[in-house]
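A.B. asks: Take the sequence shown: its letter number 73 is residue 73 in UniProt numbering, and every next letter is one higher.
Here a beta-carbon is modelled for each residue, glycine too, at the ideal position from N, C-alpha and C.
The structure displayed is predicted, hence computed values, not measured ones.
Supplied in structure tokens, the structure appears directly below.
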Amino acid sequence: MTTLLIADLHLHPSAPEVTEGFLAYLANRASQADALYILGDLFEAWIGDDILDSPELDPLATRVAEALKTLSDGGTRLFLMHGNRDFLLGKRFADACGATLLPDPYRIELGGKPVLLMHGDSLCTRDDAYMAFRAQARDPQWQAQVLAMPLEARVELAKRLREQSGEANSNKAEDIMDVTPEEVDKALIEHDVATLIHGHTHRPGVHVLEVNGQPARRLVLGDWQPQRGWEIRIEAERPPQLLEFALSNS
């Protein structure tokens, strides 16, 4: 049994190399796996599942959905989690991909061990401005108001939000945008696990921890770039492996 986990692809028309690399990844590496988990920010922005009705506005959405459906039809179980960029992904898109939408956080057994999966943004509690936006963006009433807007207006809204996010992050201290250690410990204890896997921070690594006197670990997925991607691979009873690979070899 082989399980793959990825996150933070941020697919967008302005980064065609990442899109092509991801599609090759699905056709090759992922198609050989039993399951693929995408832990948020598959897209740089997602303005609602009804974008699938208007491929002229975003042909990338339809192309990716079709590639994911080919993967799931081939026997690879597919799971999606919301990120801070694509929090409006819904059941219709998941169904079009043959995927299951997961809550965040999500506790599962992988490689014979309980593991907690998260996107990771909820752990960054020192970033007060972002946490306030996150609360708003996850509010069902706010989401309903946004989804009621015409598609063209939502396209412009997504553009403005990306610009505002980039400007805000450029003025923040690096440690503010990383996880809060106490929140990591809290999540591990609350869900009774010794392994946490997440993305979001774009700081790939394996962190060895001690929680309540017991060994634990936090594995962080990297963000995809035109030259390389990141995955966590779990096989049988082996510990999770964090791997960087060239997209040209995916």
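Which residues does DSSP pair with K113 in a beta bridge?
C.D. replies: L110
A.B. asks: Would you call the region 70–78 in contact with the region 177–186, where contact means no fewer than 3 C-beta pairs closer than 8 Å?
C.D. replies: Segments in contact, no.
A.B. asks: So within the region 11–64, which uninterrupted alpha helix (DSSP H) runs reach at least 4 residues, ignoring any that extend past its ends?
C.D. replies: 16–27
A.B. asks: Any contact between the region 104–122 and the region 148–166? By contact I mean 3 or more CB pairs, one from each, below 8 Å.
C.D. replies: Segment contact: the region 104–122 against the region 148–166, fewer than three CB-CB distances shorter than 8 Å; contact not assigned.
A.B. asks: Can you tell which of R138, I38, E44 and E152 has the C-alpha that lies nearest to the C-alpha of E56?
C.D. replies: Nearest Cα to E56 within the set R138, I38, E44 and E152: E152.
A.B. asks: Contact check, L80 vs A94 under 8 Å by CB: the rounded distance?
C.D. replies: 6 Å
A.B. asks: The alpha helix (DSSP H) spanning F79 covers which residue range?
C.D. replies: Run containing F79: none in the alpha helix (DSSP H); it sits in the beta strand (DSSP E), R77 to M81.
A.B. asks: To the nearest angstrom, how far is it from the Cα of E210 to the Cα of H10?
C.D. replies: When rounded, the distance between both Cα atoms is 32 Å.
A.B. asks: Among G98, G83, G112 and V208, which residue has its Cα nearest to the Cα of A137?
C.D. replies: G83
A.B. asks: Looking at T2: is its Cβ nearer than 8 Å to the Cβ of G120?
C.D. replies: no
A.B. asks: Tell me the residue span of the beta strand (DSSP E) that contains W230.
C.D. replies: Start and end: R228 to E235.
A.B. asks: Between which residues of its own chain and E231 is the CB-CB distance below 6 Å, once the five residues before and five after are set aside?
C.D. replies: L4, I6 and L243
A.B. asks: Just to confirm, is the Cβ distance from E17 to P204 under 8 Å?
C.D. replies: no
A.B. asks: Spatial neighbours of A246 within its chain, please: CB distance less than 7 Å, with the 5 preceding and 5 following residues excluded, ordered by chain position.
C.D. replies: Q227 and R228
A.B. asks: H48 and L102 look like a contact to me (Cβ under 8 Å); what is the Cβ gap, rounded to whole Å?
C.D. replies: The amino acid occupying residue 48 in the given sequence is Gly; His does not appear at that position. Wrong, their Cβ atoms sit about 19 Å apart, outside the cutoff.
A.B. asks: Does the beta-carbon of I189 have 16 or more other beta-carbons within 10 angstroms, so that it is buried, or is it exposed?
C.D. replies: exposed
A.B. asks: DSSP on R217, reduced to helix/strand/coil?
C.D. replies: strand
A.B. asks: Mapping the DSSP letters down to three states, classify T100 as helix, strand or coil.
C.D. replies: strand
A.B. asks: Let me make sure I understand the geometry here. Which of R218, D8 and A236 has the alpha-carbon closest to that of D34?
C.D. replies: A236
A.B. asks: Pull the bridge partners of A246 from the DSSP assignment, please.
C.D. replies: R228
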